[in-house]
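Participant: Residue numbers (numbering that gives the first Met the number 0): 0 to 382.
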Amino acid sequence: MGRIVQVEVGRFDYAVQGHFKFFRPGPDGRVRRPTVLLRLTDDDGRQGWGQAVPVPSWSDETPETVLTTLAGYLAEAILGADPEDIEGLHERMNRAIRPAFSVGQPLCKAAVDLACHDLAGKRLGCPASRLLAARGGGPGEPLVSLTLSWTVASADAAMVEEQLAEGRSRGYRNFNIKVGPPQTPEYDVELARRVRAFAPGGFLWADANTGYSEEAALSMAPRLADAGVDVLESPLPPTQLRGYQALRRLRALPILMDEGILAPQVAAEFAALGMMDGVAMKPARNAGLEPSRRIVQLLLDQGLLVLGSGLTDPDLSLAAAAHLFAWAGIRRPCALNGPQFLAGSLAEKALKPERDVLLVPRSPGLGVNPGPLAEAALTGRRA
Numbered sequence: 000m001g002r003i004v005q006v007e008v009g010r011f012d013y014a015v016q017g018h019f020k021f022f023r024p025g026p027d028g029r030v031r032r033p034t035v036l037l038r039l040t041d042d043d044g045r046q047g048w049g050q051a052v053p054v055p056s057w058s059d060e061t062p063e064t065v066l067t068t069l070a071g072y073l074a075e076a077i078l079g080a081d082p083e084d085i086e087g088l089h090e091r092m093n094r095a096i097r098p099a100f101s102v103g104q105p106l107c108k109a110a111v112d113l114a115c116h117d118l119a120g121k122r123l124g125c126p127a128s129r130l131l132a133a134r135g136g137g138p139g140e141p142l143v144s145l146t147l148s149w150t151v152a153s154a155d156a157a158m159v160e161e162q163l164a165e166g167r168s169r170g171y172r173n174f175n176i177k178v179g180p181p182q183t184p185e186y187d188v189e190l191a192r193r194v195r196a197f198a199p200g201g202f203l204w205a206d207a208n209t210g211y212s213e214e215a216a217l218s219m220a221p222r223l224a225d226a227g228v229d230v231l232e233s234p235l236p237p238t239q240l241r242g243y244q245a246l247r248r249l250r251a252l253p254i255l256m257d258e259g260i261l262a263p264q265v266a267a268e269f270a271a272l273g274m275m276d277g278v279a280m281k282p283a284r285n286a287g288l289e290p291s292r293r294i295v296q297l298l299l300d301q302g303l304l305v306l307g308s309g310l311t312d313p314d315l316s317l318a319a320a321a322h323l324f325a326w327a328g329i330r331r332p333c334a335l336n337g338p339q340f341l342a343g344s345l346a347e348k349a350l351k352p353e354r355d356v357l358l359v360p361r362s363p364g365l366g367v368n369p370g371p372l373a374e375a376a377l378t379g380r381r382a
């Protein structure tokens with residue numbers, strides 16, 4: 000039985016293409032999507048890769064905190080562990096970085112979880128979706144492909160038209176929109192109407208990224224429903240429990256949570272409190288595949304919605320999301336917009352959709368083989 004004998008970390012930033020309001024230019028004027036890479040090696044010489052995708056505008060973790068936590072705390076905690084013992088790995092990490100209200104530093108811990116699934120899958124000769132299925136639950140045979148949704152995210156109406164046209168030219172039939180400040184309520188309603196008219200038969204998903212106040216959310220939910228929106232994600236900060244309860248009682252739209260769903264225990268509490276109709280799942284935010292599997296199973300058992308989403312995931316993080324959603328049997332369009340907004344790849348063969356269909360990797364582990372750029376990120380040398 001192989002044990003983890005080496006832990007390596009490094010940073011790799013992707014160039015951002017197109018306009019996405021959550022990514023801002025750096026001091027040099029260029030827009031990048033930061034990530035942190037992790038490579039685990041076992042005593043048989045096999046290697047597994049993971050990736051954390053922190054963005055401060057979406058979470059309370061930064062690339063710098065992920066790097067120092069992996070190098071200074073989690074590396075020591077997981078050395079000598081069996082990568083196939085995923086639950087044991089999470090116990091080790093949670094002893095090193097203790098949970099508070101929720102799991103501590105989940106985006107950071109996701110890198111370890113993904114690397115262990117990658118390494119375990121390579122050892123066992125099976126893809127990560129099969130590892131999830133082997134632990135039980137799920138609706139049945141993992142899917143072989145996913146349908147993707149195109150993201151429309153701009154406070155500029157002209158830019159919206161460009162994004163819609165590009166989405167159609169690339170074969171997308173379903174759309175998700177970003178609503179909430181700095182956009183006005185009137186702009187949000189008109190945006191929903193415009194996108195619904197553009198794709199009358201598509202699935203239309205609005206995400207407020209916790210930007211509305213309770214008063215605004217209660218007002219906007221029926222207006223967005225009238226404009227053709229199918230679901231409303233993250234209208235409020237997750238700490239506003241009574242606001243979510245009021246929104247769900249309103250029954251204007253199915254209410255999805257995202258921010259705040261960081262662990263199975265939290266998902267169970269929020270479901271019991273009647274705060275949501277479902278979750279927009281993001282394994283990158285939920286400490287990786289194993290905690291996400293448990294959250295999905297809880298939702299399925301309670302008849303709640305499970306939608307697939309992401310954090311503009313590249314390469315390894317994108318592959319992990321695809322494996323989770325395939326295992327979960329998600330047939331609604333998944334808001335995985337990494338291929339839309341990110342330029343370049345560190346993989347030998349990038350994971351890309353054909354039109355709006357993404358094939359789930361079938362190779363062992365995550366199914367993504369990092370190339371020289373990834374190696375250089377770990378060593379600090381130029382590829």
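Ideal Cβ placement from N, Cα and C applies to all residues, glycine included.
1. What residue range is occupied by the uninterrupted beta strand (DSSP E) comprising LEU306?
2. Confirm the yes/no value for this check: CB of TYR211, any heavy atom of the ligand ADP, distance under 8 Å.
3. My parser needs the beta strand (DSSP E) runs of 3 or more residues fully inside the segment 127-206; what are they?
4. Starting from the Cα of LEU323, find the closest Cα among LEU303, ALA342, ALA283 and GLY71 and give me that residue.
5. Please classify THR150: is it buried, with 16 or more other beta-carbons within 10 angstroms of its beta-carbon, or exposed?
6. If you run the structure through DSSP and keep just helix, strand and coil, what is PRO221?
7. Starting from the N-terminal side, write out each stretch of the beta strand (DSSP E) that is 3 residues or longer and does not extend beyond the segment 304-352.
8. What does LEU36 pair with, by DSSP beta-bridge criteria?
9. Please name the residue in TYR72, GLY71, ALA70 and ARG91 whose C-alpha comes closest to that of ALA80.
10. How would you call THR146, buried or exposed, if buried means at least 16 neighbouring beta carbons within 10 angstroms?
11. Could you give the residue range of the beta strand (DSSP E) that holds GLY370?
12. Could you tell me the distance, in whole angstroms, from the CA atom of VAL8 to the CA atom of GLY309?
13. Taking only runs that begin and end inside the segment 267-305, name each unbroken alpha helix (DSSP H) of 4 or more residues, in chain order.
14. Once the 5 residues before and after SER362 are set aside, which same chain residues still bring their CB inside 7 Å of it?
15. For ASP312, which residues in the same chain have their Cβ closer than 7 Å to its Cβ, ignoring the five residues on either side in sequence?
16. Could you tell me the boundaries of the alpha helix (DSSP H) in which GLU458 lies?
17. According to DSSP, ILE3 sits in a beta bridge with which residue or residues?
18. From ALA216 to GLN182, what does the alpha carbon distance come to, in whole angstroms?
19. Please determine if the segment 243-251 and the segment 279-298 are in contact, where contact requires at least 3 C-beta pairs separated by less than 8 Å.
20. In three-state DSSP terms, what is LEU407?
21. Please determine, among ALA373, ALA342 and LEU357, the residue with the shortest C-alpha to C-alpha distance to ALA14.
22. Pull the bridge partners of ASP257 from the DSSP assignment, please.
23. By Cβ distance, which residues of its chain are closer than 6 Å to LEU131, with the 5 residues on each side in sequence left out?
24. On a CA-only basis, which of GLY201, SER344, PHE22 and ALA76 is nearest LEU39? Give me that one, please.
25. Hey, how far is the Cα of PRO105 from the Cα of LYS348?
26. Cα-Cα, which of ASP42, ASP43 and HIS18 is closest to ARG31?
27. Could you tell me the distance, in whole angstroms, from the CA atom of GLN339 to the CA atom of LEU261?
28. Considering Cα atoms alone, identify which of ASN173, GLU214, GLU213 and GLY103 is closest to LEU203.
29. Which stretch, first to last residue, makes up the alpha helix (DSSP H) that contains ASP111?
30. Beta-carbon within less than 7 Å of GLY277's beta-carbon, same chain only, minus the 5 sequence neighbours each way: which residues are those?
31. If you follow the alpha helix (DSSP H) that LEU78 is in, where does it begin and where does it stop?
32. With DSSP as the reference, label ARG247 as helix, strand or coil.
33. Given this structure, state the Cα-to-Cα distance separating LEU66 from ASN175, to the nearest angstrom.
34. By how many angstroms is the C-alpha of PRO332 removed from the C-alpha of TYR243?
35. Could you pull out every residue in the same chain whose Cβ sits closer than 7 Å to the Cβ of ASP42, ignoring the five residues on either side in sequence?
36. Skipping 5 residues on each side, what residues in its chain have a beta carbon closer than 6 Å to that of GLU232?
Facilitator: In this structure, then:
1. Note, LEU306: beta strand (DSSP E), 304-307.
2. The model on display carries no ligand, and the ligand ADP is accordingly not part of it.
3. Taking only runs of at least 3 residues, the beta strand (DSSP E) segments lying wholly in the segment 127-206 are 144-146, 149-151, 174-177 and 203-206.
4. Among LEU303, ALA342, ALA283 and GLY71, the Cα nearest to that of LEU323 is on ALA283.
5. Counting Cβ neighbours within 10 Å, THR150 comes out buried, since at least 16 surround it.
6. In the structure shown, PRO221 adopts helical secondary structure according to DSSP, grouped into three states.
7. Taking only runs of at least 3 residues, the beta strand (DSSP E) segments lying wholly in the segment 304-352 are 304-307.
8. For LEU36, the beta-bridge partners assigned by DSSP are GLY9 and GLN50.
9. Of TYR72, GLY71, ALA70 and ARG91, the residue nearest in Cα terms is ARG91.
10. Under this definition THR146 is a buried residue.
11. For GLY370, no beta strand (DSSP E) encloses it, and the DSSP letter there is neither H nor E.
12. Distance between the alpha carbons of VAL8 and GLY309: 22 Å.
13. Listed in chain order, they are 288-300.
14. These residues qualify, in order along the chain: PRO126.
15. The beta carbon of ASP312 lies closer than 7 Å to those of VAL52, ALA283, ALA320, LEU335 and GLY337 in the same chain, with the five residues before and after it left out.
16. No statement about residue 458 is possible, as the shown extent of the chain runs from 0 to 382 and does not include it.
17. DSSP lists ASP41 as partners of ILE3.
18. Distance between the alpha carbons of ALA216 and GLN182 is about 14 Å.
19. Taking one beta carbon from each stretch, the segment 243-251 and the segment 279-298 have fewer than 3 pairs nearer than 8 Å; the two do not touch.
20. The structure shown has nothing for residue 407, since the chain only spans 0 to 382.
21. It is ALA342 whose Cα lies nearest to the Cα of ALA14.
22. Beta-bridge partners of ASP257 (DSSP): GLY259.
23. The residues are ARG292 and TRP326.
24. Closest by alpha carbon: ALA76.
25. Roughly 28 Å between the two C-alpha positions.
26. Cα-wise, what sits closest to ARG31 is HIS18.
27. Those two C-alpha atoms are separated by around 25 Å.
28. Among ASN173, GLU214, GLU213 and GLY103, the Cα nearest to that of LEU203 is on ASN173.
29. Checking the displayed sequence, the identity of residue 111 turns out to be Val instead of Asp. Looking at the DSSP string, the run of the alpha helix (DSSP H) that includes VAL111 is 105-123.
30. So the qualifying residues of the chain are PRO253, LEU255, LEU298, LEU303, LEU304, VAL305 and LEU306.
31. For LEU78, no alpha helix (DSSP H) run applies, since DSSP gives it neither H nor E.
32. In this structure, ARG247 counts as helix in the three-state DSSP scheme.
33. Looking at the two C-alpha atoms, the distance is approximately 32 Å.
34. A direct Cα-Cα distance of roughly 24 Å separates TYR243 from PRO332.
35. Only GLY1, ARG2 and VAL4 meet the Cβ criterion.
36. Spatial neighbours of GLU232 in its own chain (CB-CB distance under 6 Å, excluding positions within 5 residues in sequence) are listed in chain order as ASP206, LEU255, ASP257 and ALA279.
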